[in-house]
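Heads up, the thing below is written out as structure tokens.
2 protein chains.
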Amino acid sequence: MTSIKDKKVITIGIVHEMTGLSERKIRYYEERGLVFPDRTPRGTRKYSFSDIELLMEIANKREEGVQTYEIKQDLNNKKKKEEYRDEMIRGQLNAQFNIRK
Amino acid sequence: MTSIKDKKVITIGIVHEMTGLSERKIRYYEERGLVFPDRTPRGTRKYSFSDIELLMEIANKREEGVQTYEIKQDLNNKKKKEEYRDEMIRGQLNAQFNIRK
DNA sequence: TAGTAATTGTAAGATAATCTAACACAATAT
DNA sequence: ATATTGTGTTAGATTATCTTACAATTACTA
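In order, the protein sequences belong to chains X and Y.
Residue 51 in this note's numbering sits at position 51 of the first sequence; the count goes up by one each step and never skips.
Residue 181 in this note's numbering sits at position 80 of the second sequence; the count goes up by one each step and never skips.
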């Protein structure tokens with residue numbers, strides 16, 4: 001489920017280096033509920049490689065003129081679809097191997 | 102050849118968090134030629150997940166009493182073996198598919 | 001079209017993180 | 001016995017990050 005790509009270990013300066021996005025933008029996309037970095041005990045943000053991929057997708061959408069609100073909807077839909085699919089798969093497995101509750 | 106695990110994106114504080122090693126030790130192992138972090142333009146060290154694995158191997162060796170110098174020898178030998186093996190493989194491929202120079 | 005919301009930039013001030021260099025000292029090696 | 005190794009700690013300087021606020025522009029909306 002969670003791989004190295006999901007480990008939140010990259011500080012914002014390096015995310016900036018890697019994506020070319022300004023730190024302002026990166027923080028703003030968090031404010032709008034699009035990314036969710038972890039924090040160190042003192043409050044420094046930490047991002048994962050997956051977060052960086054996501055940020056670049058967001059940047060692309062933004063260039064197409066899509067607003068953060070819509071991007072957020074899309075992300076939520078995508079997440080829901082994935083959850084639904086996973087649930088279906090679990091259901092199938094249950095039906096096969098775990099007939100009685 | 103190079104994967105996400107080799108991207109140097111993790112600052113020393115987080116390496117410390119992840120490994121439990123003091124920053125002093127981490128820098129010292131660099132001084133002894135055991136790890137080679139990249140640097141940001143301003144000089145901040147950046148480590149990869151592979152570096153972190155390596156650092157933990159080093160820490161284990163150290164606990165067994167092995168000195169950094171020996172550890173370095175071992176690492177160099179390991180590297181040489183890998184290079185040798187790779188060269189052999191390339192050689193085989195050449196023999197198969199690329200008979201004339 | 002006027003007015004509100006969204007998106008970014010920039011600045012200020014505070015705090016956190018990192019760097020290098022140096023000194024100390026115990027443990028090891030020669 | 002002396003030299004080397006490995007770490008901790010400190011000091012001072014520099015860099016990085018955080019939050020908050022204000023400004024300006026662009027994009028919706030009633």
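Beta carbons: idealized from backbone N, C-alpha and C, even for Gly.
In this text, all values refer to a predicted model and were calculated from it rather than measured experimentally.
Collapsing the DSSP output to three states places Arg-32/X in coil. Listed by position along chain Y, the residues whose Cβ is nearer than 7 Å to that of Phe-49/X are Ile-105.
Within 8 Å of the CB of Val-66/X, no CB atom of chain Y is found; the nearest one sits about 28 Å away. Contacts with chain Y at 7 Å (Cβ-Cβ) do not include Val-35/X. Here Phe-150/Y has Lys-106 as same chain residues with Cβ atoms under 6 Å from its own Cβ, once five neighbours each way along the sequence are excluded.
Not one beta carbon of chain X lies nearer than 7 Å to the beta carbon of Thr-120/Y. At least one CB of chain X lies nearer than 7 Å to the CB of Ile-115/Y. Here Arg-146/Y carries a strand assignment [DSSP, helix/strand/coil]. Around the beta carbon of Leu-93/X, a 10 Å sphere encloses fewer than 16 other beta carbons of the protein chains shown; the residue is thus reported as exposed.
For the C-beta of Lys-173/Y, not a single chain X residue is nearer than 7 Å; the gap to the nearest is close to 26 Å.
Taking Tyr-29/X as the centre and dropping the five residues before and after it, the same chain places the C-beta of Val-35, Leu-55, Ile-58, Thr-68 closer than 8 Å to its C-beta, in chain order.
Under the DSSP assignment, Val-15/X falls in the alpha helix (DSSP H) whose first and last residues are 12 to 19.
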